[in-house]
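Colleague: In full-length UniProt numbering, the protein residues as written are 1 to 684.
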């Protein structure tokens, strides 16, 4: 490409001495002029012909102030004058060239087709759009005017990421100049950039007539531009944070869109230290909402739909990348059918499957993101990372009712080192027993503490015993406080007490072997069945203390979840720990609604026990424990060595050889292999 030597300026009326005269921008030979006179050329997607004279591509260097040739033998200065004329004309009410300039950027992804021989070329060649970006940058004092908002909006939406590096550089400088000239454009510029965090298909950013740009290259350009603007305008960090939160994908967006956005957020976190914690909060806040809604959806569907979802997930386990290119829209549409019920069923399966995949993808990514911080789990770096997870858990996960999977982040990383385990348990204990904590959070903290101790494979025996004794200690305080006020079991008035009893029973069901301090020689520690019928010594005074509560006036076995009560009764009897079947039987004749009173103080229980017309289950605790089995098919691999699954021990948990529980409902006697609670659809 050869530098162009501009001809001497031709005065009006003078005869030019230049062999090839410079054509006036006011004539139809300029791009803006030609497009104005030939609007139909671009309306049908066809490009006008090229003149026989060969044109040279555009290159320029503003820093060295070198002028290169532009298509149609126009200099860079002439293009700038052409753009300035269009903008000034628009301000005076003449929009012809201004509208044509807008059309150039609006149709920037049209493929260039050489014109028919003998006709004028009405469109820009692929590289010539860069000239107009440079020209507009030089006309910023005019472009910043409110009257030019329409053109600015069109320019911001052009496909700049799919062009060459020179165009990306010129466009980045244009963005910086625009914000510098008119600060009100900062929000629009950052909004455009954050919108592109959602891009998933190459067709979204690639431009015809340019080499294909990979996803990694596109993102490198995108983040380099964001980083450059933040270096130019440090105060833009706050505006960017609002954009990142506000443009998070909607819950019904695809898993690819969610993962593209989240991966871009994690990339932003690398170069903006001020937003590191905020970005993780944005991600986790949205994930918790999806998680909770997904759990509610799973509880509403029947077993056939659940099996269909599981089958569909199994077919997709070979997925190598969560951001694989999306299928054509036609592939994602539900199957057409005249059967309306079939369509509704297919839609439900598709919706639930999509939500499960989103949760699986996001949590798999977060596990992968945090893992490098815990390579040395006893280090300060690991503790600092865990502090962030613990803060997010306390603020976002703990207050959310029936979050199903998000909490397993802290479940996994808390077991990496005793220092981290103590930090989690200490936080939960403080929340559960502080007097100024809302009752709903006390109940949630007790459930999390019990579930963590019961299910954590790396939780040591000493900690299990300490937590169990601590719960009994606080139960004693509650009993002394509530028993004088009690005339019968009442969840609404005494739910902190009942939630604590249920947490204690849950720990016993899973970790009873850790509560045994001495056993006869006939007992094999590795064989749970060998404990049956033996005279066992239990830690401290736990047997006596727990018996006082169970047979006390508050009658917790009537309020605790029946499935947990049943399993505790079976285990306690077989292990000679306690015999509660007579109480369980007599409780069947107790109606909880008879103890309700309109004068009772309202509490913050997870369930409101204020309506007498509802069933007994409404006045009992949920059997929800937050670390019940993790079922997301891909990301569950992170928990392989951390989790205690429920195992039915022949002769111990099973009741086929027992007559003591014949009065129990048969349908409740068999527990799922995966969980001891099988609570309200907690398992797929």
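Where a beta carbon is used, it is the ideal one built from N, C-alpha and C, also for glycine.
Quick one: what does DSSP say residue 512 is sitting in, helix, strand or coil?
Modeller: Position 512 of the chain shown, counted from the start, is the residue given in the question as residue 512. Of the three classes helix, strand and coil, the one that applies to residue 512 here is helix, per DSSP.
Colleague: Confirm, please, whether the CB-CB distance from residue 239 to residue 190 is below 8 Å.
Modeller: The residue labelled residue 190 in the question sits at position 190 within the chain shown. The residue labelled residue 239 in the question sits at position 239 within the chain shown. Cβ distance < 8 Å, so residue 190 and residue 239 count as in contact.
Colleague: Reducing DSSP to helix, strand and coil, say where residue 160 ends up.
Modeller: The sequence position of residue 160 within the chain shown is 160, counting from 1. If DSSP states are grouped into helix, strand and coil, residue 160 belongs with coil.
Colleague: Quick one: give me the first and last residue of the alpha helix (DSSP H) that residue 425 is part of.
Modeller: For this step, residue 425 is matched to residue 425 along the chain shown. 418–433 is the extent of the alpha helix (DSSP H) around residue 425.
Colleague: Return helix, strand or coil for residue 537, following the three-state DSSP convention.
Modeller: Position 537 of the chain shown, counting from 1, holds the residue named residue 537. Of the three classes helix, strand and coil, the one that applies to residue 537 here is strand, per DSSP.
Colleague: Compute the Euclidean distance between the alpha carbons of residue 364 and residue 384, then round it to the nearest angstrom.
Modeller: Within the chain shown, numbered from 1, the residue matching residue 364 stands at position 364. Within the chain shown, numbered from 1, the residue matching residue 384 stands at position 384. Looking at the two C-alpha atoms, the distance is approximately 21 Å.
Colleague: Name the two residues that bound the continuous alpha helix (DSSP H) containing residue 187.
Modeller: Looking up residue 187 in the chain shown gives position 187. From DSSP, the alpha helix (DSSP H) with residue 187 extends over 186–195.
Colleague: Of the residues 168, 157, 182 and 130, which one's Cα is nearest the Cα of residue 147?
Modeller: As a first step, residue 147 is located in the chain shown; it is residue number 147 there, counting from the start. It is 182 whose Cα lies nearest to the Cα of residue 147.
Colleague: Identify the residues that DSSP records as bridge partners of residue 643: which are they?
Modeller: The sequence position of residue 643 within the chain shown is 643, counting from 1. Paired residue(s): 456.
Colleague: By alpha-carbon positions, which one of 180, 218, 244 and 214 ends up nearest to residue 231?
Modeller: Looking up residue 231 in the chain shown gives position 231. It is 180 whose Cα lies nearest to the Cα of residue 231.
Colleague: Could you tell me the alpha carbon to alpha carbon distance between residue 375 and residue 415, rounded to whole angstroms?
Modeller: Taking the chain shown and counting its residues from 1, the one referred to as residue 375 is at position 375. Taking the chain shown and counting its residues from 1, the one referred to as residue 415 is at position 415. Answer to the nearest angstrom: the Cα atoms are 13 Å apart.
Colleague: Identify every residue that forms a DSSP beta bridge with residue 518.
Modeller: Position 518 of the chain shown holds residue 518. In DSSP, residue 518 forms a bridge with 537.
Colleague: Can you find the residues in the same chain that come closer than 8 Å, C-beta to C-beta, to residue 142, ignoring five residues on each side of it along the sequence?
Modeller: Reading the chain shown from its first residue, position 142 is the one you call residue 142. Around residue 142: 84, 87, 88, 91 and 148.
Colleague: Exposed or buried, residue 195, counting other C-beta atoms within 10 Å across all chains shown (16 or more means buried)?
Modeller: Indexing the chain shown from 1 puts residue 195 at position 195. It counts as exposed.
Colleague: The alpha helix (DSSP H) spanning residue 481 covers which residue range?
Modeller: As a first step, residue 481 is located in the chain shown; it is residue number 481 there, counting from the start. That run of the alpha helix (DSSP H) goes 461–482.
Colleague: Secondary structure at residue 110, three-state DSSP: helix, strand or coil?
Modeller: Reading the chain shown from its first residue, position 110 is the one you call residue 110. Residue state, collapsed to three classes: coil.
Colleague: Do you know offhand how far residue 480's Cα is from residue 438's?
Modeller: Here residue 480 is taken as the residue at index 480 of the chain shown, counted from 1. Here residue 438 is taken as the residue at index 438 of the chain shown, counted from 1. Roughly 21 Å separates the two Cα atoms.
Colleague: Distance check for residue 642 and residue 351, CA to CA, integer angstroms please.
Modeller: As a first step, residue 351 is located in the chain shown; it is residue number 351 there, counting from the start. As a first step, residue 642 is located in the chain shown; it is residue number 642 there, counting from the start. Their Cα atoms are separated by approximately 30 Å.
Colleague: Can you give the Cα-Cα distance for residue 509 and residue 488, rounded to whole angstroms?
Modeller: Within the chain shown, the letter at position 509 stands for residue 509. Within the chain shown, the letter at position 488 stands for residue 488. If you take the alpha carbons of residue 509 and residue 488, they lie about 26 Å apart.
Colleague: Skipping 5 residues on each side, what residues in its chain have a beta carbon closer than 8 Å to that of residue 323?
Modeller: Position 323 of the chain shown holds residue 323. Cβ within range, chain order: 200, 215, 256, 259, 260 and 263.
Colleague: For residue 539, I'd like the list of residues in its chain whose CB is within less than 6 Å of its CB, leaving aside the five on either flank, ordered along the chain.
Modeller: The sequence position of residue 539 within the chain shown is 539, counting from 1. Answer for residue 539: 465, 515 and 517, listed in chain order.
Colleague: For residue 407 versus residue 625, is the C-beta spacing smaller than 8 Å?
Modeller: Position 407 of the chain shown, counted from the start, is the residue given in the question as residue 407. Position 625 of the chain shown, counted from the start, is the residue given in the question as residue 625. No, the pair does not count as a contact, with Cβ atoms beyond the cut-off.
Colleague: DSSP on residue 232, reduced to helix/strand/coil?
Modeller: To locate residue 232, count along the chain shown from 1; it is residue 232. Residue state, collapsed to three classes: helix.
Colleague: Per DSSP, what kind of secondary structure is residue 588 in: helix, strand or coil?
Modeller: In the chain shown, residue 588 corresponds to position 588, counting from 1. Three-state result, residue 588: coil.
Colleague: How far does the alpha helix (DSSP H) with residue 258 in it extend, from its first residue to its last?
Modeller: Position 258 of the chain shown, counted from the start, is the residue given in the question as residue 258. 255–271 is the span of the alpha helix (DSSP H), which, as asked, contains residue 258.
Colleague: Could you tell me the alpha carbon to alpha carbon distance between residue 162 and residue 112, rounded to whole angstroms?
Modeller: Counting from one through the chain shown, the residue named residue 162 turns up at place 162. Counting from one through the chain shown, the residue named residue 112 turns up at place 112. Cα to Cα, residue 162 sits roughly 15 Å from residue 112.
Colleague: Reducing DSSP to helix, strand and coil, say where residue 205 ends up.
Modeller: The sequence position of residue 205 within the chain shown is 205, counting from 1. Three-state DSSP puts residue 205 in coil, outside helix and strand.
Colleague: Can you tell which of 452, 343 and 110 has its C-alpha closest to the C-alpha of residue 629?
Modeller: Position 629 of the chain shown, counting from 1, holds the residue named residue 629. Ranking 452, 343 and 110 by Cα distance to residue 629 puts 452 first.
Colleague: According to DSSP, simplified to helix, strand and coil, what is residue 278?
Modeller: Counting from 1 along the chain shown, the entry for residue 278 is found at position 278. Note: residue 278 maps to helix in three-state DSSP.
Colleague: From which residue to which residue does the alpha helix (DSSP H) around residue 573 run?
Modeller: Looking up residue 573 in the chain shown gives position 573. First-last of the alpha helix (DSSP H) with residue 573: 562–574.
Colleague: Straight-line CA distance for residue 399 to residue 131?
Modeller: For the purposes of this step, residue 399 is identified with residue 399 of the chain shown, where counting begins at 1. For the purposes of this step, residue 131 is identified with residue 131 of the chain shown, where counting begins at 1. Straight-line Cα distance between these residues: approximately 55 Å.
Colleague: Since residue 483 and residue 552 are thought to touch, with beta carbons under 8 Å apart, how far apart are those beta carbons, to the nearest angstrom?
Modeller: Here the question's residue 483 lines up with position 483 in the chain shown. Here the question's residue 552 lines up with position 552 in the chain shown. Correct: roughly 7 Å between the Cβ atoms.
Colleague: Mind reading off the beta-carbon distance from residue 462 to residue 561? Whole number of angstroms is fine, and I expect it under 8 Å.
Modeller: Counting from one through the chain shown, the residue named residue 462 turns up at place 462. Counting from one through the chain shown, the residue named residue 561 turns up at place 561. The pair is not a contact, with the Cβ atoms about 28 Å apart (cut-off 8 Å).
Colleague: Would residue 211 be called buried (16 or more neighbouring beta carbons within 10 Å of its own) or exposed?
Modeller: Against the chain shown, residue 211 aligns to sequence position 211. Flag for residue 211 reads exposed.
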